[in-house]
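> Let me give you the structure first, and then I'll get to my questions.
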Amino acid sequence: MIIDKSFRISKVDERIYGSFIEHLGRAVYGGVFEPGHPDADENGFRKDVMELVKKLQVPIIRYPGGNMVSAYDWEDGVGPKEDRPNRLELAWRTIETNDVGTNEFMEWSKKVNAEVMMAINLGTRGIDAARNFIEYCNHPGGSKYSDLRIQHGYKYPHNIKTWCLGNEMDGPWQVGHKTAEEYGRLASETGKAMKLVDPSIELVSCGSSNSKMPTFPEWEATTLDHTYDVADYVSLHQYYGNHENDTANYLAKSMDMDHFIKTVIATCDYIKAKKRSKKTMMLSFDEWNVWYHSTQQDSKLEPWTVAPPQLEDVYNFEDALLVGSMLMSFLRHADRVKMAAMAQLVNVIAPIMTENGGKAWKQTIFYPYMHVSVFGRGVSLHPVISSPKYDSKEFTDIPYIDSAVVHNEENEELNVFLVNRHLTEGIDLSIDVRSFEDYQIVEHIVLEHDDMKATNTVIKEEVAPHTNGNSKLQDGLLESRLNKGSWNVIRLKKY
Ligand code: AHR
Numbered sequence: 001m002i003i004d005k006s007f008r009i010s011k012v013d014e015r016i017y018g019s020f021i022e023h024l025g026r027a028v029y030g031g032v033f034e035p036g037h038p039d040a041d042e043n044g045f046r047k048d049v050m051e052l053v054k055k056l057q058v059p060i061i062r063y064p065g066g067n068m069v070s071a072y073d074w075e076d077g078v079g080p081k082e083d084r085p086n087r088l089e090l091a092w093r094t095i096e097t098n099d100v101g102t103n104e105f106m107e108w109s110k111k112v113n114a115e116v117m118m119a120i121n122l123g124t125r126g127i128d129a130a131r132n133f134i135e136y137c138n139h140p141g142g143s144k145y146s147d148l149r150i151q152h153g154y155k156y157p158h159n160i161k162t163w164c165l166g167n168e169m170d171g172p173w174q175v176g177h178k179t180a181e182e183y184g185r186l187a188s189e190t191g192k193a194m195k196l197v198d199p200s201i202e203l204v205s206c207g208s209s210n211s212k213m214p215t216f217p218e219w220e221a222t223t224l225d226h227t228y229d230v231a232d233y234v235s236l237h238q239y240y241g242n243h244e245n246d247t248a249n250y251l252a253k254s255m256d257m258d259h260f261i262k263t264v265i266a267t268c269d270y271i272k273a274k275k276r277s278k279k280t281m282m283l284s285f286d287e288w289n290v291w292y293h294s295t296q297q298d299s300k301l302e303p304w305t306v307a308p309p310q311l312e313d314v315y316n317f318e319d320a321l322l323v324g325s326m327l328m329s330f331l332r333h334a335d336r337v338k339m340a341a342m343a344q345l346v347n348v349i350a351p352i353m354t355e356n357g358g359k360a361w362k363q364t365i366f367y368p369y370m371h372v373s374v375f376g377r378g379v380s381l382h383p384v385i386s387s388p389k390y391d392s393k394e395f396t397d398i399p400y401i402d403s404a405v406v407h408n409e410e411n412e413e414l415n416v417f418l419v420n421r422h423l424t425e426g427i428d429l430s431i432d433v434r435s436f437e438d439y440q441i442v443e444h445i446v447l448e449h450d451d452m453k454a455t456n457t458v459i460k461e462e463v464a465p466h467t468n469g470n471s472k473l474q475d476g477l478l479e480s481r482l483n484k485g486s487w488n489v490i491r492l493k494k495y
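And the structure:
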């Protein structure tokens, strides 16, 4: 491998380390918010959960959905609590109490040092609800909805900068599902009205719900034809699972993600060319993760209960490896992927889990997410690498070594992220780092486990990183041993 400081892809936009909280299952109620919990603060927010969120250094959090937003009336979640209605939440067929709404979530996000990426309802609603909502959130005062916010106790506007124009509107499961033409027109007119209220905002146009959607990428081409001028980003969503229990194939699924990103870029650039536009559309990968472990157990849940344990995937070690590879895919596309959201953050397909009334704990996927978020800030560099390869059921020419590199010029740090996908053999890697004079090894972090199916629980953290990785650096050559099936972070710093 050769790493050179002049092989720049782009500065990493820190918002790629974003996440997502939906009013779904126990994400909000029992996760973020649990007033009776011994560790709850004066507002009912769990401090143990906030501490774990802060460890991940999450810069931006998407809210309030997800599928849920497509039938959500934002007015239900603001104002005096005693006036807030219980509603049938149609996406997940639960009861939404509206104990937490926009203002409470904005307060919580401040406590965890995150911005909010707010989604509006383009399923059952449209221009009118969206323009009122942004007036409520962002206008200083002296108008109907900004004064309502002030009356609700929030003198200063929330100034929410990033807004999603609906959620997964290409999906037939979505309440208010639309054709690409219908969505494109509605999104562009809604976005126009929202930017009239607050021209400083940025908008995300809905892309496809996953790369296998039959309408992909025609959906992007048609919708962007309408929204190209008003939107600043197009969204991508993708979840993977090891349904066939074929780990070698599963660990290569990040290659599908690379392909998905490249295809969306190509489609955006086609519309750019068609419109003779000077603007380049950026990508917001605002839902991504592993999601499949909980599907069966969820089918047994009773409908219309409050905060049932939905989508509570318990992640294993191989999931952590794939999550590491997915994060590296964002870094290698840092020139176009400017935001992303691990879906989700607490309890629902999440790195952080809680017991109601009990402890909070870290899933296996917490670690690669934390490592890349904390150490992946700076300039993403092209990893020039020659790796042995393998073929699997779905993919060919899969490099055993998957890699991404970030150079933090300010702190004079170089962080190399690596997955060894080989399931039975360690690999010796030589890295030419001659352009980083006077750099020394800080540490070589490794996440490894003999059992690909090992999981963490509230009682035992079976999968946790150590810093005994095998690396040495001499005369600009970094020599590392990457153990079989492992996640590695090799950190160098100038002394
Ligand atoms: O994150 C869970 C769900 O996955 C979201 O609500 C939806 O947008 C996607 O299908």
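Be aware that the sequence shown starts at 1, since it is given in this note's numbering, and climbs by one per residue.
By construction, the Cβ of each residue, glycine as well, lies at the ideal position given by its N, Cα and C atoms.
Could you give the DSSP three-state label for residue 10: helix, strand or coil?
Note: residue 10 maps to strand in three-state DSSP.
> Count the other C-beta atoms from every protein chain shown that fall within 10 angstroms of the C-beta of residue 210, then say buried if there are 16 or more, exposed otherwise.
Flag for residue 210 reads buried.
> Taking all protein chains shown into account, do 16 or more other C-beta atoms lie within 10 angstroms of the C-beta of residue 428, making it buried, or fewer, making it exposed?
Exposed: under 16 other Cβ atoms inside 10 Å.
> Would you tell me roughly how many angstroms separate the C-alpha atoms of residue 55 and residue 49, rounded to the nearest one?
Going from the Cα of residue 55 to the Cα of residue 49 covers about 10 Å.
> Given this structure, state the Cα-to-Cα distance separating residue 32 from residue 470, to the nearest angstrom.
Whole-angstrom Cα-Cα distance: 39 Å.
> Take residue 107 and list the residues in its own chain whose beta-carbon comes closer than 7 Å to its own, dropping the five residues that flank it on each side.
Here the set comprises 43.
> If you measure between the beta carbons of residue 451 and residue 366, is that distance less than 8 Å?
Taking 8 Å as the Cβ cut-off, residue 451 and residue 366 do not qualify as a contacting pair.
> Go ahead and pull the three-state DSSP assignment for residue 164.
Reduced to three states, the DSSP call for residue 164 is strand.
> Could you check whether residue 308 and residue 18 sit closer than 8 Å to each other, using their CB atoms as the reference points?
No; because the gap between Cβ atoms is not below 8 Å, this pair is not in contact.
> Taking the C-alpha atoms as reference points, what is the distance between residue 453 and residue 232?
One C-alpha to the other measures close to 40 Å.
> Whose CA, out of 12, 52 and 443, lies closest to the CA of residue 352?
Closest by alpha carbon: 52.
> Tell whether a beta-carbon distance below 8 Å holds between residue 381 and residue 3.
Cβ atoms of residue 381 and residue 3: closer than 8 Å.
> Quick one: residues in its chain with C-beta nearer than 6 Å to the C-beta of residue 162, no 5 flanking neighbours on either side, listed in chain order?
Within the same chain, residue 162 has close Cβ partners 117 and 202.
> Output yes or no for whether 8 Å exceeds the beta carbon distance between residue 368 and residue 334.
No, these two residues do not count as a Cβ contact at 8 Å.
> From residue 114 to residue 101, what does the alpha carbon distance come to, in whole angstroms?
Computed Cα separation, rounded: 17 Å.
> Assess contact between the segment 299–313 and the segment 220–238, defined as three or more Cβ pairs (one per stretch) separated by less than 8 Å. Is contact present?
No, the segment 299–313 is not in contact with the segment 220–238.
> Under 8 Å: do the segment 248–265 and the segment 388–397 share three or more Cβ pairs, one atom per stretch?
A contact exists between the segment 248–265 and the segment 388–397.
> Take residue 286 and list the residues in its own chain whose beta-carbon comes closer than 6 Å to its own, dropping the five residues that flank it on each side.
Around residue 286: 62, 235 and 341.
> Is residue 24 near ligand 1, in the sense that its beta carbon is under 7 Å from a heavy atom of that ligand?
Result yes, Cβ under 7 Å from ligand 1.
> Which of the three DSSP states is assigned to residue 481 in this structure?
Residue 481: strand per DSSP, three-state reduction.
> Which residue comes first and which comes last in the beta strand (DSSP E) that contains residue 474?
Taken as a continuous stretch (DSSP letters only), the beta strand (DSSP E) holding residue 474 covers 470–474.
> Kindly confirm or deny that the segment 161–178 and the segment 73–80 touch, where touching means at least three C-beta pairs closer than 8 Å.
Too few Cβ pairs lie closer than 8 Å, so no.
> Give the DSSP-derived three-state secondary structure of residue 316 in the structure shown.
Residue 316 falls in the strand class under three-state DSSP.
> If we count the other Cβ atoms within 10 Å of its Cβ and call it buried at 16 or more, is residue 83 buried or exposed?
By the 10 Å Cβ count, residue 83 comes out exposed.
> Please name the residue or residues paired with residue 282 in a DSSP beta bridge.
In DSSP, residue 282 forms a bridge with 233.
> Are the beta-carbon atoms of residue 472 and residue 438 separated by less than 8 Å?
In this structure, residue 438 does not lie closer than 8 Å to residue 472 by Cβ.
> List the DSSP bridge partners of residue 20.
For residue 20, which the question treats as bridged, DSSP gives the partners 62 and 343.
> What do you reckon, are the CB atoms on residue 184 and residue 223 nearer than 8 Å?
Contact: yes.
> Who does residue 399 pair with in a DSSP beta bridge?
DSSP lists 389 as partners of residue 399.
> Taking the runs of the alpha helix (DSSP H) that are 4 residues or longer, which of them lie wholly in the segment 191–250?
You should have 218–227 and 247–250.
> What is the DSSP secondary structure of residue 175, counted as helix, strand or coil?
Residue 175: coil per DSSP, three-state reduction.
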